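If you count by this note's numbering, then the sequence shown holds residues -12 to 447, one letter each, in order.
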Amino acid sequence: MSRSMVGKSMALVLCLLFLAGTAVAQLPRETAEQKEARMKWWTEARFGMFIHWGLYAQAARHEWVKKRERITNEDYQKYFEVFNPDLYNPREWARMAKAAGMKYGVITSKHHEGFCLFDSKVTDYKATKTPAARDLLKEWVDAFRAEGLGVGFYYSLIDWHHPHYTVDRNHPQSANTDEEYDKLNQGRDMSIYRQYLKDQVRELLTHYGKIDIIWLDFSFPGDKHGKGRSDWDSENLLKMVRGLQPQIIVNDRLDLMDVEGGWDFRSPEQFKPREWVTMNGKKVPWETCQTFSGSWGYYRDETTWKNTKQLLVLLIETVSKGGNLLLNVGPTARGTFDSRAQESLKSIGSWMQGNSSSIYGCTQAPPEFKIPEQSLLTYNAKTRRLYLHLLDWPMGQIVLEGFADKVKYAQLLHDASEVRMSVRRQTTWIKEDARINDLVLSLPIVKPNVEIPVVELLLK
Ligand code: GLC
């Protein structure tokens, strides 16, 4: 081969390598409008059900029990051997979600413990090999679809059971020194686990029809006993996800925050953002995930359950800041929802029955509407209606500063009864600032029998 030919073939190889490199990094491109259209159903839905269900339901003391108590695979095996949710009826779950006003569900196909609810071909650590003896995920998907709900899979990137998943600081067998880690990780080959995780995500996205959402959870980069994008091969994993399910909505825990197309929404967890979540100064889609009590998995002795009003405020406030709420249920190992969860879902549902139009398709109110004290505003841009949620029932009147020239009609949302309006001048005894543009709503003294009453304001 002549020198120039060698040079040319080198250049070709380099060029191919470069192309391969960029091909790896390149996620499908889309415009902001395309992304908005892809996410439209989800943004309008506003409210979904998270479900954390796995072997940890039997320990009934948090889904991180294996880590918290540093349980070994051998000792954890007892849960696998007795797992038999004889009362599991996902149609019932779907009905409860729907009756609560939820529009989609996201279930743990596998949580950090590594146990799979689905019939994965690449492991025996799955429901089909327990006394349950069937693909529990399949039944769930069918049930949720039958109720017209969106279906989403949570899949844990972390895996405390797989023999090649390297021990890190979140692992049940986490160590204290580098030497200890080296010893524990001898013979573990993360690339084998990486392939396993890709194989499983592929199974999830090919065997269950159209999947609306995927939750890949989670990365903790930053030191050598953490894990991030190179451990999961996040970009290629995501590329595969988008290739298999082009319409799917993906969360933000792959450690790809700085990569275009690396995430679809932010996922503040157990945390109520004070304003619309932004990235680099721009408002972005977001969904807060929250529990009824302090744990995701079923926790028998946990008592910090939020009451109905707190849950409703959570939902309304989230929408008032342009976000979604994913509210979690941790079913028992028999396959049932705890009675406290059932009660809460029912109460939310009865509020939603009369008031859901202040939630679906709604978002933050335009800035010219000043939020009155003790209340939350949501807004439907399509119907041009503003929803005033009264968290603390006012006595007789409420004054909406600067609203008078903007509102043409007001009514209570749950029963469409007129709320009479006037423009504030002065009170009987005290002369107040005569701001001609303040709108006064006259409300009944007795609070309607609605947990959080809503006034619907039809805008001019
Ligand atoms: C966390 C936890 C987990 C839970 C999840 C929900 O990352 O590890 O147990 O599944 O968040 O957002």
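Note that beta-carbon positions come from the ideal geometry of N, C-alpha and C, so glycine has one too. Note that this is a predicted model, so its numbers are computed, not measured.
#1: Just grab the DSSP bridge partners of I179 for me.
#2: Measure the Cβ-Cβ separation of V93 and G135 and say whether it is below 8 Å.
#3: Since T365 is in the alpha helix (DSSP H), which residue starts that stretch and which ends it?
#4: In whole angstroms, what separates the C-alpha of E405 from that of Q398?
#5: Which same chain residues end up closer than 7 Å to W292 when comparing Cβ atoms and leaving out the 5 residues on each side of it in sequence?
#6: For a minimum of 3 consecutive residues, which ranges assigned as the beta strand (DSSP E) are wholly contained in the segment 377 to 440?
#7: Taking the alpha carbon of D425 as the reference point, which residue from R411, K259 and L144 has its own alpha carbon closest?
#8: Should the segment 49 to 57 be regarded as contacting the segment 109 to 119, the criterion being three or more beta carbon pairs within less than 8 Å?
#9: Cα-Cα, which of G336, L74 and K447 is closest to L373?
#10: If you draw a straight line from the C-alpha of S343 to the C-alpha of G88, how long is it?
#11: Compute every distance between the C-beta of F276 and the non-hydrogen atoms of the ligand GLC, then say whether any falls below 7 Å.
#12: Kindly indicate the opening and closing residues of the beta strand (DSSP E) around G35.
#13: Any heavy atom of the ligand GLC closer than 7 Å to the beta-carbon of D62?
#14: For the putative contact between P272 and D251, defined by C-beta atoms under 8 Å, what is the C-beta separation to the nearest angstrom?
#15: Name the two residues that bound the continuous alpha helix (DSSP H) containing N172.
#16: Should W273 be counted as a contact of the ligand GLC given a C-beta to heavy atom distance under 7 Å?
#17: Considering just the uninterrupted stretch of the alpha helix (DSSP H) at N311, what are its terminal residues?
#18: Considering only DSSP beta bridges, list what D204 is partnered with.
#19: Within a Cβ cutoff of 7 Å, which residues of the same chain sit near L192, ignoring the five residues on either side of it in sequence?
#20: Rounded to whole angstroms, what is the Cα-Cα separation between L444 and H49?
#21: Per DSSP, what kind of secondary structure is V306 in: helix, strand or coil?
In short, the structure shows the following:
#1: Note: I179 sits in no beta bridge, so no partner.
#2: no
#3: First-last for T365: S362 to N367, but that is the beta strand (DSSP E), not the alpha helix (DSSP H).
#4: 4 Å
#5: F279, S280 and R327
#6: 384 to 387, 394 to 399, 407 to 410 and 426 to 429
#7: R411
#8: no
#9: K447
#10: 8 Å
#11: One point to set straight first is that residue 276 is Cys, not Phe, in the sequence displayed. Correct: C276 has its Cβ closer than 7 Å to the ligand GLC.
#12: F34 to I38
#13: no
#14: 6 Å
#15: D165 to N172
#16: no
#17: Run containing N311: none in the alpha helix (DSSP H); it sits in the beta strand (DSSP E), N311 to V316.
#18: S143
#19: I198, V228, L231 and Q232
#20: 44 Å
#21: helix
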